[in-house]
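**Q** Have a look at the structure that comes next, please.
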Amino acid sequence: MAGEDRRYFDEIEVGEEYVSPGRTVTEADIVIFAGLSGDYNVLHTDAEFMKSSIFGERIAHGLLGLAIQSGLLTRGMRPFATIAFLGLRWKFKGPIKIGDTITVRAKVMDKRETSKKDRGIITLQRQVLNQKGEVVQEGETDLMVERRSS
Amino acid sequence: MFYFEDVVVGDPLETPGRTLTEADIVQYVGLTGEWEPPTTDEVAASRTETGGRVIPDLLPLCMSSGLGWRVPQPPLAVLAFMGFEWKLTAAWWWRSGRS
Chain A
0 MAGEDRRYFD EIEVGEEYVS PGRTVTEADI VIFAGLSGDY NVLHTDAEFM KSSIFGERIA
60 HGLLGLAIQS GLLTRGMRPF ATIAFLGLRW KFKGPIKIGD TITVRAKVMD KRETSKKDRG
120 IITLQRQVLN QKGEVVQEGE TDLMVERRSS
Chain B
0 MFYFEDVVVG DPLETPGRTL TEADIVQYVG LTGEWEPPTT DEVAASRTET GGRVIPDLLP
60 LCMSSGLGWR VPQPPLAVLA FMGFEWKLTA AWWWRSGRS
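Quick mapping for you: the protein sequence lines, in order, are chains A and B.
Counting from 1, position 70 in the first sequence corresponds to residue 69 in numbering that gives the first Met the number 0; the numbering is continuous, with no gaps.
Counting from 1, position 24 in the second sequence corresponds to residue 23 in numbering that gives the first Met the number 0; the numbering is continuous, with no gaps.
Structure, rendered in structure tokens:
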């Protein structure tokens with residue numbers, strides 16, 4: 000794959016940390032995501048109904064926050080030589096509201112070699128913070144990353 | 000509405016199908032900013048073992064949430080989505096342009 004700045008399993012260290020730029024989540028993001036995903040739940044689409052909810056207003060889809068952080072973090076770190084995204088464990092801890100600005104902080108938590116010599120598995124912890132510094136989402140992603148061929 | 004009391008553990012639910020299109024991929028990439036070569040660069044991606052652009056990893060997950068609302072039962076009275084675990088098992092084979 001093109002892009003010689005990709006980092007291989009061997010050169011990525013446990014404990015490395017990355018911070019993304021901020022991104023303001025807008026009403027347009029929520030409307031586009033509703034159309035793309037087909038998730039028109041009232042939580043995200045009915046402003047009148049949501050006035051009387053515990054949130055007081057529409058909130059972003061949890062999975063929109065997850066999808067945005069994925070793109071946002073690519074702007075805060077050099078890409079890994081990722082072969083495959085294996086899975087994730089994710090928690091939604093608070094709402095993302097229209098106009099909130101989110102930032103992603105990530106940290107390499109674990110590196111595991113596999114039976115195949117050309118690849119390894121890296122676990123990356125990610126936190127999504129709002130403009131008040133509150134963690135609104137967090138979790139871990141497992142990535143299969145290429146080893147530098149010798 | 001389908002409330003907590005109405006949900007039976009182990010009851011299987013099946014959604015309708017949805018065909019993933021190139022438009023879905025392009026719109027998703029624009030929305031998220033995930034401009035990685037495997038999903039956006041046909042020239043580079045065609046030289047790899049996938050043979051072409053792959054679908055963004057989290058796009059099917061995002062679509063599954065919308066499909067979930069189309070199962071043949073009243074909508075769940077959801078107050079909040081708390082969390083989940085998810086595994087990707089066959090991402091390689093979802094190439095754009097293939098059905």
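Ideal placement from N, C-alpha and C gives every residue a C-beta, glycine not left out.
No experiment lies behind these values; they were computed from the predicted model shown.
A/GLN68 by DSSP, collapsed to three states: which one?
**A** Mapped onto the first sequence, residue 68 of chain A falls at position 69. Three-state DSSP puts A/GLN68 in a helix.
**Q** For B/LEU19, which residues in chain A fall below 8 Å Cβ to Cβ?
**A** Locating residue 19 of chain B in the second sequence gives position 20, where the first residue counts as 1. Result: empty, since nearest Cβ-Cβ is about 11 Å, beyond 8 Å.
**Q** Based on the DSSP output, what are the partners of A/ALA83 in its beta bridges?
**A** As a working note, residue 83 of chain A is residue 84 in the first sequence. Answer by DSSP bridge pairing, in chain order: A/MET143.
**Q** Contact between the segment 12-32 of chain A and the segment 92-107 of chain A: three or more CB pairs below 8 Å?
**A** With the cut-off at 8 Å, the segment 12-32 of chain A and the segment 92-107 of chain A touch.
**Q** Using a C-beta cutoff of 8 Å, does B/GLU41 count as contacting chain A?
**A** In the second sequence, counting from the first residue as 1, residue 41 of chain B sits at position 42. It does not; no Cβ of chain A falls within 8 Å.
**Q** Taking B/ALA79 as the reference, give the member of A/ARG74, A/GLY132, A/ILE53, A/ILE82 with the closest Cα.
**A** The sequence position of residue 79 of chain B within the second sequence is 80, counting from 1. Of the candidates A/ARG74, A/GLY132, A/ILE53, A/ILE82, the one whose C-alpha sits nearest the C-alpha of B/ALA79 is A/ILE53.
**Q** Can you tell me the Cα-Cα spacing of A/ALA1 and A/ILE97, whole angstroms?
**A** Looking up residue 1 of chain A in the first sequence gives position 2. Looking up residue 97 of chain A in the first sequence gives position 98. Because the pLDDT of A/ALA1 is 48, which lies under 50, any placement of that residue in the model is unreliable, and the number read from its coordinates should be weighed accordingly. Approximately 37 Å, taken between the alpha carbons.
**Q** When we look at the beta-carbon of A/GLY55 and count the other beta-carbons within 10 Å, is it buried (16 or more) or exposed?
**A** Translated into positions along the first sequence, residue 55 of chain A becomes position 56. Label assigned to A/GLY55: exposed.
**Q** Under 8 Å: do the segment 34-43 of chain A and the segment 56-63 of chain B share three or more Cβ pairs, one atom per stretch?
**A** They touch, by the three-pair rule.
**Q** Leaving out the 5 sequence neighbours to the left and right, which residues in its chain are closer than 8 Å to A/PRO94 when beta-carbon positions are compared?
**A** As a first step, residue 94 of chain A must be located in the first sequence, where it is residue number 95. Excluding sequence neighbours, A/PRO94 sits near PHE54, ILE58, ALA59, VAL135.
**Q** Quick one: is A/SER51 buried, meaning 16 or more other Cβ sit within 10 Å of its Cβ, or exposed?
**A** In the first sequence, the residue the question calls residue 51 of chain A occupies position 52. Classification of A/SER51: exposed, given that the 10 Å Cβ count is below 16.
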